[in-house]
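Residue numbers (the numbering used here), protein chains in the order written: chain A, 410 to 533; chain B, 932 to 1318.
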């Protein structure tokens, strides 16, 4: 049911962990629903220099988190805000239909982290 | 890589003896058991012998066995067959919240057709209180259907007590014994039931065939009409290869019951002890002792079951989970929910169901890998508490 790419990212997820002095943190999902992720970003000169994640969820949730960090790293804030759920799913050669909605939260998590960063920069 | 099958409540590997018994009925003895010529009579002979073998396993008479397409059809025939026949005598049915969907959705269908259904609760280990059954019986009650053993958590219900209480009030009892056959003794007189469902593929037989035991004198309405096969209760040319396979599987289940049950219980107890001992915040779901000898059902905090399942699969191990993320409906297991387990822990549940082919080395391999996988997933999970 999962593509080879999903399974590859699930078995060897990239950028797992926390960033201690993160510039933005985004939290999406809910353990009650079975999927929850926390995304950490480091921003330098308007670019995402580091992106990490922690995810509780199914194989799709973990693989999309991993893929999102790969896509987002090195992008400008503006570019990163353009990354969509579909972009993440397509980069993984697709997801099973049932997983497109519930487990494909990584782009939302990234956007939440960027929002957190922007809010913090405003208040500084 | 290892290839270890531990999902025997989903289905079992057909025994080589079962397959050998079936083969001649595909190519050589292909006759229609209703035909009078020699081809037909060979098939009819096999049908009679098979009926005897299945009856022997249950301590029943051959004419109390109706062959069906499997457990689901047997459950439908038992419930609807009684409901339709007795609709003028009463319209109330009693069942439980932890039944298999074959019972629950049949009950829903009967509710849509004017019947009333009481769904009895279970305690936090999955057990039904027979007194609840007694209390639920009203003048209008025509049937009680309670599973013998649960397909998810393996809890064994006190069917003997339920039958006794029901019969004191003149109510019929059906049990779905799809999971218990071949693992614990199943005798229709000991259980005291009027009807019992079983399925071949859960006892190392083929898929697509099962049976409903119906006690002599118990009448029910047919759901499939046609040429009057199975004493008019289930029309359609008999699936002779499948029925022969079911009968062989039933014969082996009877012969091997004691040996299998002992072997399975050894593996089960070792698996539970080792896993609970080596993984913190892991818990057993279901009943500690009133459980099928092959059922290991656990939950692990902070990890999700589908991920556990997929990682075990990458190590060659086949198991199952009650997590919503692995189900077609995306709903978490109704059985685990009713035990009072919080949703995030239901997502972290894992069902290991052992089979007669499994070994202690395989259990050790699974435990070892499970420890690694849970550790890996917890390190990745945002809800794992920091030390």
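Glycine included, every Cβ here is placed at the ideal spot set by N, Cα and C. No experiment lies behind these values; they were computed from the predicted model shown.
Item                                                                                                                                                                       : Value
Using a beta-carbon distance below 8 Å, is residue 1316/B in contact with chain A?                                                                                         : no
Determine, for residue 485/A, whether the minimum Cβ-Cβ distance to residues of chain B falls below 8 Å.                                                                   : no
Contact defined as beta carbons within less than 8 Å: I believe residue 356/A pairs with residue 477/A. What is the distance between those atoms, to the nearest angstrom? : In the structure as shown, chain A starts at 410 and stops at 533, and residue 356/A therefore has no counterpart that could be examined.
Identify the contact partners of residue 445/A in chain B, using a Cβ-Cβ distance below 7 Å as the criterion.                                                              : 1313, 1314
May I ask you to report which of helix, strand or coil DSSP gives residue 529/A?                                                                                           : helix
Taking only beta-carbon positions, decide if residue 1254/B is within less than 8 Å of chain A.                                                                            : yes
Pull up the distance between the alpha-carbon of residue 999/B and that of residue 1141/B, whole angstroms please.                                                         : 5 Å
In this structure, how does DSSP classify residue 459/A when only helix, strand and coil are distinguished?                                                                : strand
Assuming contact is defined by CB atoms lying nearer than 8 Å, are residue 1306/B and residue 937/B in contact in what I supplied?                                         : no
Note down, in chain order, every chain A residue with its Cβ under 7 Å from the Cβ of residue 1275/B.                                                                      : 440, 441
Taking residue 471/A as the query, report the chain B residues whose CB atoms sit under 8 Å from its CB, ordered along the chain.                                          : 1238, 1311
How do the region 514-524 of chain A and the region 446-464 of chain A stand: do at least 3 beta-carbon pairs fall below 8 Å, yes or no?                                   : yes
Near residue 485/A, what residues of its chain come up, given a Cβ to Cβ distance below 7 Å and the 5 sequence neighbours on each side ignored?                            : 455, 456
Could you work out which residues of chain A lie near residue 1245/B, taking near to mean beta carbons separated by less than 7 Å?                                         : 420
So, does the CB of residue 1233/B fall closer than 8 Å to a CB anywhere in chain A?                                                                                        : yes
In the DSSP assignment, the alpha helix (DSSP H) including residue 478/A goes from what residue to what residue?                                                           : 468-481
Mind checking who residue 447/A pairs with in its DSSP beta bridge?                                                                                                        : 436/A, 463/A
Using a beta-carbon distance cut-off of less than 8 Å, what residues from the region 1275-1290 of chain B approach chain A?                                                : 1275, 1278
Is residue 1241/B close to chain A? Criterion is C-beta to C-beta, closer than 8 Å.                                                                                        : yes
Do the CB positions of residue 1111/B and residue 1104/B come within less than 8 Å of each other?                                                                          : no
Report the neighbours of residue 466/A on chain B: residues whose CB is nearer than 9 Å to its CB, in chain order.                                                         : 1235, 1237, 1238, 1256, 1278, 1312
If you reduce the DSSP assignment to three classes, tell me which class residue 502/A lands in.                                                                            : coil
With DSSP run on the structure shown, which of helix, strand or coil describes residue 1197/B?                                                                             : helix
Suppose you measure from the CA of residue 1235/B to the CA of residue 1053/B; what does that come to, to the nearest Å?                                                   : 25 Å
List, in chain order, every chain D residue whose beta-carbon is nearer than 8 Å to that of residue 512/A.                                                                 : The question asks about chain D, but that chain is absent: this structure's protein chains are A and B.
Considering only residues of the same chain and omitting the five flanking positions on each side of residue 985/B, which have a CB-CB separation below 7 Å?               : 996, 1142, 1177, 1178, 1181
Residues of chain B with CB under 7 Å from residue 437/A, in chain order?                                                                                                  : Those do not exist, as residue 437/A stays about 10 Å from chain B at its closest Cβ, beyond 7 Å.
Under 7 Å Cβ-Cβ, which residues of chain B neighbour residue 461/A?                                                                                                        : Chain B residues near residue 461/A: none, gap ~11 Å exceeds 7 Å.
Which same chain residues, not among the five before or five after residue 1132/B, have their C-beta less than 7 Å away from its C-beta?                                   : 942, 943, 1138
So residue 975/B and residue 960/B are supposed to be a Cβ contact under 8 Å. How far apart are they, rounded?                                                             : That belief does not hold up - the Cβ atoms of residue 975/B and residue 960/B are roughly 10 Å apart, past 8 Å.
May I have a chain-ordered list of the beta strand (DSSP E) segments no shorter than 3 residues that lie completely inside the region 1194-1257 of chain B?                : 1213-1215, 1226-1231
Measuring alpha carbon to alpha carbon, tell me which residue in 1215/B, 1296/B, 1250/B, 1238/B is nearest residue 1272/B.                                                 : 1215/B
Three-state secondary structure (DSSP) at residue 1125/B?                                                                                                                  : coil
In the DSSP assignment, what are the bridge partners of residue 1027/B?                                                                                                    : 1051/B
According to DSSP, residue 374/A sits in a beta bridge with which residue or residues?                                                                                     : With chain A covering 410 to 533 only, the question about residue 374/A has no answer from this structure.
Touch check for the region 1223-1238 of chain B and the region 1275-1290 of chain B: three-plus C-beta pairs under 8 Å?                                                    : yes
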